[in-house]
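Here's the structure we're looking at; comments come further down.
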Amino acid sequence: MRSIVLTKGVPDFSEGAVSFDEDGHLERGKTPTVMNPNDEFALQAALQTTVRHGGHVSGMSMGPPGYGEVLQEAMASVYTDDSYLLSDRELAASDTWATAITLSAGLETYQETVADIDLVFAGFKTADGETGQTGPQTCWAMEWPIVTHVIALDIDPDERTLRAKRLVEGDLDEIETVEAPLPCFVVTDPEFEPTYRTASHRLTHKALRSETEERAAEHDDHLTTWDHTDLNLDPDYIGLDGSPTIVSSVDPIPKAPSEREATMIDPHKGMSDVLETMQPYAAEAGE
Amino acid sequence: MTDDREHYEAVVVGCGPGGAAAAARLADHGVETLVLERGPEAGSKNVSGGLIYAEESAPYTLDDLFDGFREAATERPITDYYIHNVAGNSVKTYDLTDLHEHDTDWCDAVLRRDMDAWLETRVHEQTSETGGGVLTSVRVNGLLREHGEIVGVTCDELEPIEADLIVAADGVNSELARDAGLMDWAEPEEWFQGVKAVVDMAPDAIDDRFDIGPEEGTAHLFSGDLFEGVRGGGFLYTNADSLSIGTVFHLDSLVEQAAEPHELLDALLTHPLLAGWFKNEYHEREYAAKLVPDSKKVAHRRPYRDRLVLVGDAAGQMQAQGPIIKGMNHAVTAGALAADAFAATRGNADPAAPGRRYTELLDDSGTMAKLRPRRYDLARTIGERDAVTNAVERVLASPIGPLAVGNPIADRLLQRAYNSPFLVSMLPDTKTGYVSLPTLIAEAHGKTIHWESDIEPPTLEERIGDLTYDTDVGNPHIELRDESAEASGAAVTACPVSARDFGGGCYRTEAVKTNGTEETLVSLDTQPCVECGTCAIVADTEWEHPRGGKGVEYREG
Ligand SMILES: Cc1cc2nc3c(=O)[nH]c(=O)nc-3n(C[C@H](O)[C@H](O)[C@H](O)COP(=O)(O)OP(=O)(O)OC[C@H]3O[C@@H](n4cnc5c(N)ncnc54)[C@H](O)[C@@H]3O)c2cc1C
Ligand code: SF4
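Quick look at the structure:
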C-alpha cells in the first residue's frame, strides 16, 4: 500500500508566541510551528496499514520552508518513509481552497513522478482557524471517494477496497461501517485507535518505529521540496491571489461571564428554604 | 496446528534473567524466538536484593551470554561481605568473604530496572535476527491446549500463539506453572517474602563510609533479635550511587507472628548500626516487595510438561544458601540449558523431548544438586522435628548456652562455621539459626553501639504515594474469594502495602454487624498493590497479574 499523510503545521500555542499581521493574517514565519495534534491519528492509520500490508508512507505538507520540521515531527513521532514539502513564496496566505488545489497538485505530481497512491490520510480539523474543508476539497479536486470520522480501518489489498468504522455526524453513539474502493481519502477521527492483535504485527510495528526514529534524525536526507513549477501550478490560482475566501478580521473570543447570582440560605432553616427557593424554577421547567 | 494461528518455534514468557538467557541462547541456536513481557519495559516489574553471582561451577553466566554485561548493566562488584549478629545495641560482626567467594568468579550488585532493560535491548537485537523479538506490555494469561496437550500460550493483548517450545520464565507466582499443574500456591513455608528500600547515597559518600574504592562494593547481612523473632534476616548492598537495604523472611513465620513487613524493614533502617552509615541523611527512592521461592522445598525436579519448560523462579529455582541468596544466577543457567535442550532435540517428534533433556542437563550440570541439596533434606528431618529444635533452643537459653557460644574458641569456630558452604546449606529453617544463635553471639561477643538513630523512614502511605502506577480502573487483578478473617485476614499484616489500622493499603478489616452478632470481614482494594504475590498464598483469592503494562512500575528494582 502506498499512503500519503497530509500533515499540517499549527502555531505552537503552548509557547504563546502566535502573531498576526496588520491584515489579520497569521504570521506563520514568526510563530513556532508544531504538527497539528490531530494529524497523529492519520499517521497512526497509515502506520497500521503499513504494518498489516507492507508498503510506503510519505508525509506531505504545504507551507514555508520551516515546515520541514513538521514533517520531521511526523516521521519521528509516528512513522513516515519520506517527506514532501510543497513550498513556494507564491503559496503564502492560501485559504483552504487554494491549499486544496496545491495539495491535489502535490498528489498528482507524486503520482506522476514517484508512485501510484492507494490511500491519502488526513487528520481532523484543528483549532487554529482551520475549517475542516481542506481534506474534502483536496479529495474533490482528485475526484476520489472520501470517508470521514474514521475510528477503525481494515483494508483488503486483493479486492482493493477498504472497510471503515466511522462516527455518524461525529457522534460516538452512532457508528456505521462503510466500504469504499481504493484509491481513497480517509479522514481519521481523534477516536481512531490502531489495533495490533498479533505478535508479528507488533514486532513489525516496533521495527518500523525504531527505523523511523533513526531516519528522522537525518530528516533532510529524506525531504523533497516542490515549488509551483515542480507542481505545474499557475501562480494566479494559488496563494493569496487564488484564495476566494478573504478573512476580513479576526475577533478575540469573548470570555464567559464570571458572575453568578448566589442566594444565601439560612442553614438553621435547612432544606425547606432550599426547596422553597427552587420551586419557581422547577415549576418553570415543568411547563 | 491451525492454519490461521500464529506460530513461533519458541515463545519465552518473561524477560527477567531467566527469560533473557533462554532467548539469547535460543537465538544463538538460530531458533525463531518470541519473548513476551508484561511490563512496559523489562525490569519494571522486578525486584531483587540484588547480588548476581557468576559461579565458577555454573555452565552459564550473564557475561558469557551478553558481552559487556558487567560494564553496562551492573552497579558495583562486591568485594567485602559481612554478617552482623545483633542483640539490642550489641553487634558482633563476622567476615563472610570466604563464604561469599566460594565458587564465585565474580559477584555484582544490580538494580533490576536498569539491568533487565539493558538485557531486553540485547535480547531484542539477537532474537530479531532469527525472526522473533521482544514485545513488552503483553501479559500471557494461560496455556493454549489442543486435545489436552499444551501447544502454545494465550494473552490478554494478542491472539493465541502456538510454539514448539514454551519457556515459562515468568518468575515467582508463575501463572503458567500453575496452569500446567506443576506448581501450586498453597504453603506459606515454601516461600520467603523480600521487602526492600533503595536509598540515595552519593558515590564518594559510599566509598568513604564503607571504606571501599570506587570500583569496589560491600555486602552486609543482619540477623538476631531486631526482627521480633520472625525467621529471616536483613541485607545492605552498595550500588553506584544508592544502597539496597532489605529484609527476607520466611512467609510462614511472618504470618504466624502477624508481623508487619514494612515495620521489620524499618527496624533495620533505624538500627544504630546503620545510623553510622546514613549520617542522619535518609532519602528513600523506592519501596518494593516480592515473594521468593525456597528451592530446597519447591524446586521442581522435572520442570516440564509437553512443550512447556519452567525456568528460574517459575520452577522454584531460588537457592537460599544460608544467608546468601542465589536466584538470578540459577535462572540464567536454567534458561540457557532449556535453550540448549531444545536445540539438541530439534526434529524429535516427541513434544516433551526438550523438557526431558533440560531436566537431565539440570542434573548433569550439578544445578539441581545446588537447588535441592541432599544434605538439607537429611538435616531437615532433624531440624524440623520440634523436639530436637526445642532441645537446642533450651540449651541455648540455659546458662550453658552463653557459655558454649561465648568462649573465645567458639567465637572463632562460629565464624568458620558461618563461612562453610557445607554447614550453611544444612541450616534448618528454625528460629535457632536466624534468631537465637545470632542473638547469643552478639550478647557474648558483641560490641555495644552507643549512638542512636535519628532516621525516620517514610510511612507506608508515603511509600505508596511515591510509587508509579498505571491502574487498570474497574478491572482488579485480584479478587477475594473468601472475606472471612480466618481465610484472608493474614493478608492484612503480611501484605507489604497493607497494615492494621491503615486505610490506604490493599487489605483491611471491617467489623460488620449482622443480626446482632459482629463479624470481622476482610476487604481488598488492588490499587496500591505491588504485585508481590503474598496474598496469593496467605489469603483465599483469585490471583492474577494485571494486564500488560498495567499496575505498579518500579524505577529501581
Ligand atoms: C528482596 C529480594 C532479594 C533478592 N535477592 C537476591 C540476590 O541477592 N541475588 C539473587 O540472585 N537473587 C535474589 N532474589 C531472587 C531473584 O530476584 C529471583 O530469583 C530472580 O529474579 C528470578 O529470575 P526469573 O527470570 O526467574 O524471574 P523474574 O526476574 O521474576 O522475571 C520474570 C519476568 O516475567 C514477567 N512476567 C511475569 N508474568 C508474566 C506474564 N503472565 N506474561 C508476561 N510476562 C510475565 C515479569 O514481568 C518479569 O519480567 C531476591 C528476590 C527478592 C524479592
Ligand atoms: S495485594 Fe497481594 S500481591 Fe498485592 S501487594 Fe498486597 S500481598 Fe502483594
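So the protein lines, in turn, are chains B and Y.
Going by the working numbering, the first residue of the first sequence is number 1, and it counts up by one from there.
Going by the working numbering, the first residue of the second sequence is number 1, and it counts up by one from there.
Here a beta-carbon is modelled for each residue, glycine too, at the ideal position from N, C-alpha and C.
Determine the contact status of Y:ASP313 and Y:ALA331, defining contact as a CB-CB distance below 8 Å. yes
Are the C-beta atoms of B:ARG197 and some chain Y residue less than 8 Å apart? yes
Quick one: what does DSSP say Y:ILE166 is sitting in, helix, strand or coil? strand
Leaving out the 5 sequence neighbours to the left and right, which residues in its chain are closer than 6 Å to B:PRO254 when beta-carbon positions are compared? Interpretation of B:PRO254 is limited by its pLDDT of 49, a score under 50 that renders its predicted location unreliable; the figure taken from the coordinates is listed afterwards. Around B:PRO254: no qualifying Cβ.
How about Y:ARG385: is its C-beta nearer than 8 Å to some C-beta of chain B? For Y:ARG385, the predicted model reports a pLDDT of 46, less than 50, meaning its position is unreliable and no value from the coordinates is stated.
Integer Cβ distance of B:ILE4 from B:MET60, believed to fall under 8 Å: 5 Å
When the Cβ atoms of the region 59-73 of chain Y are set against those of the region 336-344 of chain Y, are three or more pairs found closer than 8 Å? yes
Closer than 9 Å between beta carbons: that is the criterion. Which residues of the region 143-164 of chain B meet it against chain Y? none
Thinking C-beta only, is Y:TYR8 closer than 8 Å to Y:ILE161? yes
Find the residues of chain Y that neighbour B:ARG202, judging by a C-beta separation of less than 9 Å, and give them in chain order. GLY133, LEU135, VAL138, GLU157, LEU158
C-alpha gap between Y:ASP470 and Y:THR459, whole angstroms: 22 Å
Please tell me whether Y:ALA485 and Y:VAL522 are closer than 8 Å, where the distance is taken between their beta carbons. yes
If you run the structure through DSSP and keep just helix, strand and coil, what is Y:THR509? strand
Pair within 8 Å by beta-carbon distance, Y:GLU452 and Y:ALA275: yes
Pull up the distance between the alpha-carbon of Y:TRP106 and that of Y:ARG231, whole angstroms please. 29 Å
Could you confirm whether any beta carbon from chain B is found closer than 8 Å to the beta carbon of Y:LEU236? no
Leaving out the 5 sequence neighbours to the left and right, which residues in its chain are closer than 6 Å to B:GLU290 when beta-carbon positions are compared? Nothing in the structure corresponds to residue 290 of chain B, since chain B is present only between 1 and 287.
Please name the residues in the region 140-154 of chain Y whose beta-carbon is closer than 8 Å to at least one beta-carbon of chain B, in chain order. none
Quick check: what's the CA-CA separation for B:MET166 versus B:ILE155? Note that residue 166 of chain B corresponds to Arg in the displayed sequence, not to Met. Going by the C-alpha atoms only, they are around 14 Å apart.
Thinking C-alpha only, which one of Y:ASP28, Y:ALA353, Y:GLU263, Y:ALA205 is nearest Y:LEU226? Y:GLU263
DSSP three-state call for Y:ALA343: helix, strand or coil? helix
When the distance is taken between beta carbons, is B:SER104 closer than 8 Å to B:THR148? no
Could you check how far apart the C-beta atoms of Y:ILE245 and Y:LYS196 are, in whole angstroms? I think they sit under 8 Å. 7 Å
By how many angstroms is the C-alpha of B:GLU90 removed from the C-alpha of Y:GLU120? 51 Å
Same chain, Cβ closer than 6 Å to Y:THR367, five either side skipped, listed in chain order: THR333
For Y:LEU143, the first and last residue of its enclosing beta strand (DSSP E): 140-146
Using C-beta distances below 6 Å, list every residue in its chain close to Y:ASN173, excluding the 5 sequence neighbours before and after it, in chain order. GLY533, ALA536
Using 8 Å for Cβ pairs, my map puts Y:GLN317 next to Y:LEU371. What's the rounded Cβ distance? 5 Å
Going along the chain, which residues of its own chain have a beta-carbon closer than 7 Å to the beta-carbon of Y:PHE558, five neighbours each way excluded? This structure gives no information on residue 558 of chain Y, because the portion of chain Y shown stretches from 1 to 557.
Start-end ranges of the alpha helix (DSSP H) lying completely within the region 193-250 of chain Y, minimum 4 residues: 203-209
Taking only beta-carbon atoms, is Y:ILE161 less than 8 Å away from chain B? yes
So if DSSP puts Y:GLU286 in a beta bridge, which residue, or which two residues, is it bridged to? Y:VAL198
Residue span of the alpha helix (DSSP H) that contains B:TRP97, given as start and end: 96-113
Members of the region 5-18 of chain Y that neighbour chain B once the beta carbon cut-off is set at 9 Å: GLU6, TYR8, VAL11
Residue of Y:PRO546, Y:ARG76, Y:ALA442 minimising C-alpha distance to Y:GLY224: Y:ALA442
Y:PHE278, enclosing alpha helix (DSSP H) - first and last residue: 272-278
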